[in-house]
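> Per the numbering used here, the sequence shown starts with residue 1474, numbered consecutively. Please see the structure below; I have some questions.
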Amino acid sequence: MIPVPASTRVWLAAGVTDMRKGFNGLSALAEKVVSGATAPPL
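Have a look at this one:
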């Protein structure tokens, strides 16, 4: 396992994703979705 600090926030999302977008494209999509999220992290 990868150790992470207790203060680390983890967000989970379910849905269809086009993995051909590469890291920058997926990061932009995730940022767009998370910016509208209002639920607390798990």
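Where a beta carbon is used, it is the ideal one built from N, C-alpha and C, also for glycine.
1) What's the C-alpha gap between residue 1502 and residue 1475?
2) Can you name, in chain order, every residue of its own chain whose Cβ lies under 8 angstroms from the Cβ of residue 1492, other than the five neighbours on each side?
3) Between residue 1481 and residue 1507, what straight-line distance do the alpha-carbon atoms span, to the nearest angstrom?
4) By DSSP, does residue 1492 sit in helix, in strand, or in coil?
Once the coordinates are examined:
1) As a position in the sequence shown, residue 1502 is number 29, starting the count at 1. As a position in the sequence shown, residue 1475 is number 2, starting the count at 1. So the alpha carbons of these two residues sit roughly 25 angstroms apart.
2) On the sequence shown, position 19 is the one that residue 1492 refers to. Within the same chain, residue 1492 has close Cβ partners 1499.
3) Here residue 1481 refers to the residue found at position 8 of the sequence shown. Here residue 1507 refers to the residue found at position 34 of the sequence shown. Straight-line measurement puts the Cα of residue 1507 at about 15 angstroms from the Cα of residue 1481.
4) Working through the sequence shown from its first residue, we reach residue 1492 at position 19. Helix.
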